[in-house]
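Protein chains in written order, with the UniProt record's numbering: chain A, 1 to 287; chain B, 1 to 287; chain C, 1 to 287; chain D, 1 to 287.
The next block holds one structure in the form of structure tokens; read it before the comments.
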């Protein structure tokens with residue numbers, strides 16, 4: 001029989017429920033009685049018309065049998081609560097899907113190697129083979145799955161197979177230039193993060209830097225969002241911009257944009273890893 | 001007979017012409033021979049397909065008869081140049097058109113009072129009378145011209161009349177909530193500056209803060225542009241953004257947006273006053 | 001006998017105490033039993049060596065007799081808690097001390113007029129008389145108290161007298177160019193907000209823009225802090241910077257700096273008004 | 001006999017001289033007669049007390065014998081000019097000196113690999129051996145020269161030897177934790193770029209993140225500067241900051257700081273590579 005590790009652990013509790021008095025009292029009372037210490041807490045109430053309450057807590061807590069069942073019965077059910085509980089030391093498993101541009105993938109891998117991203121990366125999947133060497137040098141399995149119109153469906157099935165084999169929790173499209181099918185997207189709701197190289201909703205679709213150049217904007221941007229069936233329309237997690245001038249040709253925008261893309265994507269991925277993102281309708285709460 | 005003031009003056013020279021070798025040499029040689037000293041210069045060449053050259057110079061120069069005619073004959077004509085020359089001490093005359101929101105107008109008036117905006121403000125025109133007192137306290141004539149569907153045409157004619165009487169060089173729409181007719185716009189090409197309360201081209205049209213809220217963007221912005229016949233489609237002079245979160249209701253976006261709007265508008269107006277803006281197609285060069 | 005207003009009110013509760021499990025549970029349980037709804041909550045624990053816990057809550061609560069006494073007895077005393085409770089509709093009374101520069105004062109007055117600053121401004125005190133008219137036009141009493149080396153002590157006493165008469169809660173030094181005596185400062189601990197025109201600790205003391213110019217920095221900044229006996233050394237509430245280049249003379253830095261100063265000061269004053277600032281040692285927690 | 005390549009080249013011309021009328025005319029006239037086209041030009045005049053003129057030009061020009069000698073005789077000598085001329089295709093040779101922190105070095109190598117930095121990197125020198133593998137994978141020679149108090153002088157001589165063998169033009173201290181001797185610095189005036197992990201002049205010296213934490217600043221920064229004999233006092237090339245709060249422990253500041261450090265260093269290195277930096281006294285002009 002395996003012995004329970006009773007050293008204190010850090011855990012995260014996310015909840016959402018109809019807003020009413022007593023939620024914080026109910027949750028914190030239960031946690032106190034369970035020996036948990038609240039290290040940090042953030043909450044958000046939507047406007048009264050919607051009437052929803054969201055909270056994220058970081059806890060210091062010992063692993064204990066029956067904790068989650070008791071929470072369900074004594075707190076969640078009475079308050080009609082949806083919730084999620086996870087220990088911080090249970091590292092999520094993140095897949096990266098990438099095409100030929102390396103900057104977003106490399107930034108993620110670097111931060112993973114440096115310990116900045118507390119995540120496991122069991123595999124990288126690409127429809128090009130140009131980044132295989134970069135992955136191998138860091139010891140990360142690389143799968144080359146080229147896609148044509150004829151093989152798209154079949155290759156998506158192969159991707160799903162790989163994600164399952166590697167028990168992937170969520171995936172990052174680090175400039176993956178293929179549109180995923182609704183079937184695929186439905187398997188990973190709010191668990192596919194894409195980086196779009198514009199300040200959405202401006203310049204959705206293809207070639208945003210060219211369109212930004214044509215319009216003569218004075219800032220270019222990038223947007224990290226969860227993928228939904230509507231292209232470039234999913235819940236936005238993070239955005240940022242950089243200043244440009246008439247001096248910048250399209251190629252300059254592309255180069256400048258690389259830095260914005262990778263920072264925006266990294267911040268979004270970090271927030272997801274740390275269970276800081278909750279989705280409400282087509283919007284996010286980022287605690 | 002009036003005596004010519006021969007103390008050194010600061011002047012600005014703007015030129016645009018087909019790009020070819022020798023332009024800087026030709027212009028600077030002429031200026032040197034005219035006793036002018038180049039205090040600052042900026043230039044821009046478009047890509048070879050367009051092949052256009054733009055330059056802005058700040059000069060130290062004595063007023064002298066025949067200078068502009070000589071420049072036309074010896075420099076501008078041979079180089080097929082469009083150009084504009086103005087002394088810095090000839091202050092432009094700026095009209096402000098405003099509705100009920102005061103923040104953009106007040107910011108302009110403050111900076112004018114403090115000497116930050118080197119411009120004359122002969123009048124403010126509004127379709128509301130709520131800001132009359134603010135203008136009067138600063139000694140600026142205020143004209144109240146309410147607009148209804150029935151009186152729109154007639155009031156626009158009244159505005160044109162006022163602008164002419166006051167010899168206005170350019171005007172600023174400091175949150176003026178009326179759409180100007182093409183006839184009006186055509187009288188002041190690239191001389192009407194509007195502030196739109198979004199990061200264009202995102203959220204063009206009405207109620208941009210509401211739309212930004214609905215989309216769940218993480219940044220809101222503002223855009224200053226020259227007015228053209230296409231609503232919110234004119235050449236962009238300046239843009240900026242501010243970070244927002246899920247905590248911000250629409251009213252918060254409106255409040256935060258006020259600061260972005262006034263800074264963006266102020267920077268655009270300053271650039272216009274200092275003859276730093278040149279228009280090429282539907283884009284600007286801001287030196 | 002005055003009748004108690006039982007309509008729901010918004011209030012803010014700030015607490016600090018030794019960190020231990022059960023604080024949130026204890027506070028929220030008490031609030032729930034008192035009929036209060038927690039609208040928002042933020043908390044912060046210092047590192048274990050210090051072992052302190054800080055929390056700010058926004059509540060919806062009816063005014064009720066005995067509430068504060070009960071909180072003291074049942075929650076604060078057992079947890080060795082320092083705390084502060086205030087209704088949002090009890091507007092703080094803010095004095096502005098100013099010298100000859102108008103930008104910081106005018107920005108505060110504008111935002112007050114527009115409703116952005118939920119505060120009362122019973123008076124402005126200045127050692128110059130140049131801003132009297134601006135205050136009068138907004139209906140704010142202006143006191144001119146010129147200061148010389150000989151009259152400094154006496155005028156400070158006059159200021160204290162005025163602050164008491166007007167029941168001032170806190171004051172803002174909106175570019176007030178006089179150093180306050182330790183006696184004065186000790187009367188208003190963490191209730192005097194100063195704006196220093198540099199990114200502290202760089203360029204403390206006089207003429208920071210000149211020193212920034214001499215050093216050739218590429219960013220200039222401003223710092224809002226609580227005043228303590230150590231000049232420019234008090235707890236920092238807010239800071240920001242703006243980019244500058246070799247083109248900027250000292251006068252340009254001064255002009256650019258005006259915008260940074262007023263934004264930084266405004267944000268600090270807002271945070272103070274909303275009871276978002278807690279002081280720990282010589283540092284602030286800004287919730 | 002080698003044949004001259006007469007295809008058009010891009011070149012950069014930097015000049016500084018006493019300010020007087022006719023400089024631009026003289027230079028541009030000479031360039032026009034030499035068949036050079038001015039692609040871009042920036043200039044700066046210091047205030048009249050100093051009376052200095054600086055200019056950077058990008059030219060399209062054919063390689064031609066005698067060009068530089070003619071420029072010296074006909075332009076530079078009459079105008080008492082210091083100047084520097086270089087073809088853009090002559091890539092500078094950059095050495096990187098690094099200790100154990102990898103982020104700055106890796107960022108430079110990445111951008112070099114992607115073509116963003118138009119420079120040759122003949123070698124990396126380190127007093128640790130931990131980054132050898134990263135360099136080897138990119139094909140860059142790595143020299144491990146550990147330093148102790150006893151070997152410091154000898155190892156510096158070894159570094160100089162390596163720099164000479166590899167014909168290094170300038171070097172980057174990418175978090176190199178050794179202080180270079182005045183003798184070493186004097187060999188590479190304004191050709192050693194250091195990144196300091198604070199917003200200088202704040203927190204000069206060791207452990208700036210700890211000091212920033214202790215002071216409770218709301219922004220942390222980084223500074224890239226040329227190395228001089230005065231530690232952390234050389235001419236500043238670039239600076240930037242990031243926002244922090246009371247939530248950030250020292251370790252968080254270190255992590256956040258990594259991003260600022262590498263961006264600031266990269267921008268400074270780019271400016272140096274592109275001959276955009278001129279030094280005047282202890283300050284820089286960055287065109």
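Beta carbons: idealized from backbone N, C-alpha and C, even for Gly.
Item	Value
Simplified DSSP assignment, three categories, for residue 26 of chain D	helix
C-alpha distance - residue 252 of chain B paired with residue 244 of chain B, whole-angstrom precision	9 Å
Meets three-Cβ-pair contact criterion under 8 Å: the region 214-232 of chain C and the region 194-201 of chain C	yes
Identity of the residues DSSP links to residue 11 of chain B by a beta bridge	B/59, B/87
Contacts around residue 282 of chain D, its chain only, beta-carbon distance under 8 Å, and the 5 residues preceding and following it disregarded	228, 233, 234, 235
Supposed close pair residue 81 of chain C, residue 121 of chain C - CB separation, criterion 8 Å	With 8 Å as the limit, residue 81 of chain C and residue 121 of chain C do not qualify as a contact, their Cβ atoms being about 32 Å apart.
Chain-order list of residues whose beta-carbon lies under 7 Å from that of residue 11 of chain B (same chain, five-residue window excluded)	59, 61, 85, 86, 87, 88
Close Cβ partners of residue 57 of chain C (< 6 Å) along its chain, the five nearest in sequence each way excluded	13, 38, 41
Inter-residue spacing [alpha-carbon to alpha-carbon] between residue 65 of chain B and residue 28 of chain B	19 Å
Paired residues, beta bridge with residue 278 of chain D - DSSP	D/285
DSSP-derived helix/strand/coil call for residue 266 of chain D	helix
Spatial neighbours of residue 211 of chain A in its chain, beta-carbon cut-off 6 Å, leaving aside the 5 residues before and after	203
Cutoff 7 Å; reference residue 183 of chain D; Cβ partners in own chain excluding five residues on either side	none
Cβ contact (3+ pairs, closer than 8 Å) linking the region 130-137 of chain A and the region 152-162 of chain A	no
Any non-hydrogen atom of the ligand MN closer than 7 Å to residue 28 of chain D Cβ	With respect to small molecules bound, the structure shown includes none, and the ligand MN cannot be examined in it.
Contacts that residue 257 of chain A makes with chain B (C-beta to C-beta distance below 7 Å)	Here the premise fails: no neighbours, minimum Cβ distance about 15 Å.
Secondary structure, beta strand (DSSP E): runs of 3+ residues fully inside the region 132-172 of chain A	142-144
Chain A residues whose Cβ lies nearer than 9 Å to that of residue 239 of chain C	Chain A residues near residue 239 of chain C: none, gap ~20 Å exceeds 9 Å.
Per DSSP, the bridge partner or partners of residue 223 of chain A	A/196, A/239
Paired residues, beta bridge with residue 40 of chain B - DSSP	B/58
Test item: CB-CB of residue 19 of chain C and residue 53 of chain C under 8 Å	yes
Any C-beta of chain D under 8 Å from that of residue 38 of chain B	yes
For residue 16 of chain D: DSSP bridge partner residues	D/54, D/82
Nearest candidate by alpha-carbon position, reference residue 100 of chain D, set D/127, D/118, D/109	D/127
Inter-residue CB distance, residue 242 of chain D and residue 260 of chain D (contact presumed, cutoff 8 Å)	5 Å
Among A/45, A/22, A/15, A/34, nearest to residue 248 of chain B - alpha-carbon criterion	A/45
Inter-residue Cα distance where the pair is residue 91 of chain A and residue 279 of chain A	21 Å
Assumed close pair residue 262 of chain B, residue 103 of chain B - CB separation to whole angstroms, cut-off 8 Å	5 Å
Residues of its chain near residue 276 of chain D, where Cβ-Cβ distance is below 7 Å and the 5 sequence neighbours each way are ignored	56, 286, 287
Interface partners of residue 137 of chain B on chain C, CB under 7 Å	137
Span of the alpha helix (DSSP H) around residue 105 of chain A	103-113
Chain B contact for residue 32 of chain D (CB, 8 Å cutoff)	yes
Unbroken alpha helix (DSSP H) run spanning residue 208 of chain D, endpoints	208-215
Pair within 8 Å by beta-carbon distance, residue 231 of chain A and residue 179 of chain A	yes
Supposed contact pair residue 213 of chain B and residue 264 of chain B - C-beta distance, whole angstroms, cut 8 Å	Contact doesn't hold; Cβ gap of about 20 Å is too wide.
For residue 269 of chain C and residue 108 of chain C, believed in contact at Cβ under 8 Å, the rounded distance	7 Å
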